[in-house]
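Colleague:
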Amino acid sequence: MVEKIRAEQSQQGQGWGPFVLAATVALAAVAVAAPWTPWLDEGFGRAPWWVWGPLVGAVVLLVAGLGERRYTAWAGATGGAAVVAGVVSFLAWPREKVVLDGRTDDQIRARPWFEDVPSEEWHRLYAAEPPAAPLACALAAAVVVMLCGVVLVRRRRPEPAPEEHVRPYVTGDSMRRHARRMMAAGLAGVLVGGLLGAGTAAGASGLQRVRMDAFGPWWGQLADSAPVPEGSLDDGSFEWDGKERFDHLSQRPDRVAWRHGFKGPVALSMCGRGDRARGTLVALEESEQHSVVAGYDTRDGSRRWSLAVRRQDTAALSQVAVGEGCSVLVLIGTALLAVDAYTGQVRGGSVLPRAREGAWHFITPVPQEHPLPRLVGLAEADYAHLTAQEDGIVAVRRSDAEPVAWAARRYGTCTHLIGYYRNEPESGQLLMDDCADHSAVAILPEPEAPEDLQANRRPEYRLPPLQPLLSRAETPVPDPPRGCRSGPLRLVSASVTTLVETEWECAGKAYRARIHLSDEAIALDGKWVRSPVADSAPDATFISSEGVHHLLEVWGDTVKMLSGDDFEPWWTVVPKRGDPVVGLADNNDVLFEDRRRQRETGRRELYEPILTLTHSGTLVTLADPYNDPDDARGKEPVRVIGSTDVAQQPCAGERELLADKVSGTALVLCTTDELTHVTAVTG
């Protein structure tokens, strides 16, 4: 009886081996196969062969040796190599390469050429996070090493003395019990191994999140952001009633508020947050190490926020687009970031595919010559559009830089210009010119963002359903009359309809011609309107706040307001004789009362102010009299009501005028190839 009990105890001790072997096999199987299971997302990634290979080798050695000491030692050593390989793979993951290329290595190997990438995968968003699979294999290998250590420790226990050794008492019942115990131990090992494998996967995902937090945002390797401190967010701002437009143009700016020199171009963004609004001067300054995009308070010139983009071999700042509505879009290689001009915070970002030729750049209302300008301005709109030489057009949401629609190029290499509606739901019009003798205007619908892009989130490895950008019929631009040769097209305005202008040469005589194009129905009746005289193009054309039918043109030292429909001039004024006009700004239907004129004439005098900048740096304010709608336009002449030379300074470059209509500050710019000097003038 004693011998039977001792035999059963010996057989019970032998169940430890099957348990360890089954647990080890199950653990390794789960760790290696986890990336292919549906309960893990694509962000988990896959371990390379040189990580899961040593893990599988360790399991094979342990199982093949049946727990023999030498094989177990080799299994532990091989598992240790798997631990090191998995940790190194996790820590050395080339995050920046995946982000900037827009595709994983597997996708690049599967479709090395751009033509091989299906259109539905063209704008896949990518998570900039290290894959957890290598770390899961490393954790599983660490558990295998621990099991090998346990086996080796048990093997080191002293064997019982010969006189104490009792030969097992074997019977049929004991054999069956032994088999059942072995099966139970194996099943328990499989269960425990599976749980350990799931635990290593969950632990790897947790460590992945910890490392992501240590990395910071996915664009952290590309740029450093210094937003406005929370307590200083509204410093220097102005009350705002929630209207979309700002109209506090200074009537008589005659006091210099500040001066500053910037090592690069600047642009103006005016926007509001809640019941506060401000104007932000966005400057791009570059050095050997960084390209810094910074926002300055137009009221006093103080810096509020900055985004420093590192110069790297794999990526550098390509272009910056500044628009109304607080939108600043920063293009870094193929990574696109959306910065809030009011707060300086990065609101979102996405990754565009690598262009086959050239580079991605923003489509603007004016042609861009090579080399492309580093900073461009965009009119107010909810969306911005980018293009590359051979890779189509993509629409992105300005608030968070998320792609929402795209279109392949239809006519090969074209000149693309874009204008945005002011008061219509559509996002704008796209002019395609010089496309193999084909020119057309496409009405761009306002894309409805997919549901999975409507909430704030970081990019993930999944494909949002993008709308086709050119979903409407295109309106062809009519050819000029027979015997006339047309020059390049210009998109003058997109306020209500598309106004296209060009020059004609007819029988050796030069003409200006323009046409309104809006949709297919209007285009059927649309006709070219030729200028009544053979004029060359004006020095500059400014769109009046009143819309596309009111254009302000500059001819040397003369300003003309004329009809955008038929070139009919409404008035002409010379702000400062002999001093060419280089900048204009007006209010949006805001009327002021001229009390001096009222005293002289005895009737109420209302006018709309127009601020002009001359080449010498003189600021001149014009008064455009407001007439009753029943009266004919032009009864009262436009007159000069103020002039100041406080912004005059020698300028070896080009002058420009930016008007902050939130604070009433006029920004007089002098721009050279390397420097922009700004003089801020207030009333």
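In my numbering, the protein residues as written are 990 to 1672. Virtual Cβ for every residue (Gly too), placed ideally from N, Cα, C.
#1: Quick check on the DSSP output: the beta strand (DSSP E) that includes T1633 runs from which residue to which?
#2: With a CB to CB cut of under 7 Å and the five nearest residues on each side skipped, what residues in its chain are close to T1067?
#3: Would you call Q1210 buried or exposed, if buried means 16 or more other Cβ atoms sit within 10 Å of its Cβ?
#4: When the Cα of R1293 is compared with those of D1302, G1069, A1283, Q1301, which residue comes out closest?
#5: Would you list the one or two residues that DSSP bridges to T1061?
#6: Below 6 Å CB to CB, which residues in the same chain sit around F1235 once its five sequence neighbours on both sides are set aside?
#7: Could you tell me the alpha carbon to alpha carbon distance between L1361 and D1662, rounded to whole angstroms?
#8: Per the DSSP calculation, F1251 is bridged to which residue(s)?
#9: What number of angstroms, rounded off, separates the C-alpha of C1126 from the C-alpha of V1019?
#10: The beta strand (DSSP E) with G1553 in it runs from where to where?
#11: Let me check understanding here. Comparing Cα to Cα, which of D1329, R1059, V1076 lies closest to G1261?
#12: Would DSSP call L1611 helix, strand or coil?
#13: Near V1335, which residues of its chain fall below 6 Å by C-beta distance, leaving aside the five closest residues on each side in sequence?
#14: Does the beta-carbon distance from L1124 to G1182 come in below 7 Å?
#15: Is D1202 helix, strand or coil when you go by DSSP?
#16: Does the beta-carbon distance from R1288 to D1223 come in below 7 Å?
#17: So the alpha helix (DSSP H) W1039 belongs to, where does it begin and stop?
#18: Of all the options V1571, L1480, T1404, which has the alpha carbon lying nearest to the alpha carbon of C1640?
#19: Please go through the same chain and pick out, in chain order, the residues whose beta-carbon is closer than 6 Å to the beta-carbon of A1064, but skip the five residues on each side of it.
#20: Report buried or exposed for P1470, applying the criterion of at least 16 other Cβ atoms within 10 angstroms of its Cβ.
#21: Mapping DSSP to helix, strand and coil, what is A1297?
#22: Give me the Cα-Cα distance between R1299 and I1321, rounded to the nearest whole angstrom.
#23: Taking the straight line between their C-alpha atoms, what separation do you get for G1188 and E1228?
#24: Would you call the CB atoms of L1433 and G1417 closer than 7 Å?
#25: Could you tell me the distance, in whole angstroms, from the CA atom of R1501 to the CA atom of E1490?
#26: How would you write the range of the beta strand (DSSP E) that G966 sits in, first residue to last?
#27: For T1269, which residues from the same chain have a beta carbon less than 6 Å from its beta carbon, with the 5 sequence-adjacent residues on both sides left out?
#28: For R1170, name the three-state secondary structure that DSSP assigns.
#29: For G1253 and T1668, I'd like the C-alpha separation in whole angstroms.
#30: Helix, strand or coil, according to DSSP, for Q970 in the structure here?
#31: Kindly list the residues whose CB is nearer than 7 Å to the CB of T1530, restricted to its own chain and excluding five residues on each side of it in sequence; keep chain order.
#32: Can you look up V1076 in the DSSP assignment and give me helix, strand or coil?
#33: So, using beta-carbon positions, are L1296 and A1348 closer together than 7 Å?
#34: Between which two residues does the beta strand (DSSP E) holding A1648 run?
#35: Would V1271 and V1217 qualify as a contact pair, given that the criterion is a beta-carbon distance under 7 Å?
#36: In angstroms, rounded to a whole number, what distance separates the CA positions of C1424 and T1660?
Modeller: With the structure as the only source:
#1: For this step, residue 1633 is matched to residue 644 along the sequence shown. Per DSSP, T1633 belongs to the beta strand (DSSP E) from 1628 to 1633.
#2: The residue labelled residue 1067 in the question sits at position 78 within the sequence shown. Contacts found: P1043, G1046, A1047, L1050.
#3: Along the sequence shown, one-based indexing puts residue 1210 at 221. It is buried - the Cβ of Q1210 has at least 16 other Cβ atoms within 10 Å.
#4: Position 304 of the sequence shown, counting from 1, holds the residue named residue 1293. Considering only alpha carbons, the answer is A1283.
#5: Indexing the sequence shown from 1 puts residue 1061 at position 72. Paired residue(s): none; T1061 is not in a bridge.
#6: The sequence position of residue 1235 within the sequence shown is 246, counting from 1. Cβ within range, chain order: M1259, K1650, V1651.
#7: By one-based count along the sequence shown, residue 1361 stands at place 372. By one-based count along the sequence shown, residue 1662 stands at place 673. Rounded to whole angstroms, L1361 and D1662 show a C-alpha spacing of 13 Å.
#8: Residue numbering aside, residue 1251 sits at position 262 when the sequence shown is read from its first letter. Beta-bridge pairing links F1251 to T1665.
#9: Residue numbering aside, residue 1126 sits at position 137 when the sequence shown is read from its first letter. Residue numbering aside, residue 1019 sits at position 30 when the sequence shown is read from its first letter. Those two C-alpha atoms are separated by around 9 Å.
#10: Start at 1 with the first residue of the sequence shown, and residue 1553 comes out as number 564. Neither: G1553 is in no beta strand (DSSP E) and is coded neither H nor E.
#11: Within the sequence shown, numbered from 1, the residue matching residue 1261 stands at position 272. Answer by Cα proximity: D1329.
#12: Your numbering for residue 1611 matches position 622 in the sequence shown. Residue state, collapsed to three classes: strand.
#13: Numbered from 1 along the sequence shown, position 346 holds the residue referred to as residue 1335. Cβ neighbours of V1335 beyond the five flanking positions: S1214, L1326, V1328.
#14: Counting from 1 along the sequence shown, the entry for residue 1124 is found at position 135. Counting from 1 along the sequence shown, the entry for residue 1182 is found at position 193. Contact: no.
#15: In the sequence shown, counting from the first residue as 1, residue 1202 sits at position 213. Residue state, collapsed to three classes: helix.
#16: Translated into positions along the sequence shown, residue 1288 becomes position 299. Translated into positions along the sequence shown, residue 1223 becomes position 234. For R1288 and D1223, no; Cβs fall outside 7 Å.
#17: Taking the first residue of the sequence shown as 1, we reach residue 1039 at position 50. Note, W1039: alpha helix (DSSP H), 1038 to 1053.
#18: Position 651 of the sequence shown, counted from the start, is the residue given in the question as residue 1640. Nearest option by C-alpha distance: V1571.
#19: For the purposes of this step, residue 1064 is taken as residue 75 along the sequence shown, with counting starting at 1. Closer than 6 Å at Cβ, skipping near neighbours: A1047, L1050, L1051, C1137.
#20: The residue labelled residue 1470 in the question sits at position 481 within the sequence shown. It counts as exposed.
#21: Along the sequence shown, one-based indexing puts residue 1297 at 308. A1297 falls in the strand class under three-state DSSP.
#22: Taking the sequence shown and counting its residues from 1, the one referred to as residue 1299 is at position 310. Taking the sequence shown and counting its residues from 1, the one referred to as residue 1321 is at position 332. Cα to Cα, the separation comes out at about 9 Å.
#23: For the purposes of this step, residue 1188 is identified with residue 199 of the sequence shown, where counting begins at 1. For the purposes of this step, residue 1228 is identified with residue 239 of the sequence shown, where counting begins at 1. Straight-line Cα distance between these residues: approximately 55 Å.
#24: Looking up residue 1433 in the sequence shown gives position 444. Looking up residue 1417 in the sequence shown gives position 428. Against a cut-off of 7 Å, the Cβ pair of G1417 and L1433 comes out as a contact.
#25: Position 512 of the sequence shown holds residue 1501. Position 501 of the sequence shown holds residue 1490. Those two C-alpha atoms are separated by around 7 Å.
#26: Outside the shown range of the chain, which is 990 to 1672, sits residue 966, and nothing can be said about it.
#27: Your numbering for residue 1269 matches position 280 in the sequence shown. Hits under 6 Å: S1258, G1284, A1330.
#28: The residue given as residue 1170 occupies position 181 in the sequence shown. Three-state result, R1170: helix.
#29: As a first step, residue 1253 must be located in the sequence shown, where it is residue number 264. As a first step, residue 1668 must be located in the sequence shown, where it is residue number 679. Rounded to whole angstroms, G1253 to T1668 spans 15 Å at the Cα level.
#30: Given that the chain is displayed from residue 990 to residue 1672, the structure contains no residue 970 and the question cannot be resolved.
#31: Taking the sequence shown and counting its residues from 1, the one referred to as residue 1530 is at position 541. Contacts found: V1481, L1540, E1542.
#32: Working through the sequence shown from its first residue, we reach residue 1076 at position 87. If DSSP states are grouped into helix, strand and coil, V1076 belongs with the helices.
#33: As a working note, residue 1296 is residue 307 in the sequence shown. As a working note, residue 1348 is residue 359 in the sequence shown. No. Outside cutoff.
#34: For the purposes of this step, residue 1648 is taken as the residue at position 659 of the sequence shown. Where A1648 is concerned, the enclosing beta strand (DSSP E) stretches over 1643 to 1649.
#35: Residue mapping note: residue 1271 aligns to position 282 of the sequence shown, counting from 1. Residue mapping note: residue 1217 aligns to position 228 of the sequence shown, counting from 1. Result no, Cβ atoms of V1271 and V1217 do not sit closer than 7 Å.
#36: If you number the sequence shown from 1, residue 1424 lands on position 435. If you number the sequence shown from 1, residue 1660 lands on position 671. Each residue's Cα considered, the two are about 33 Å apart.
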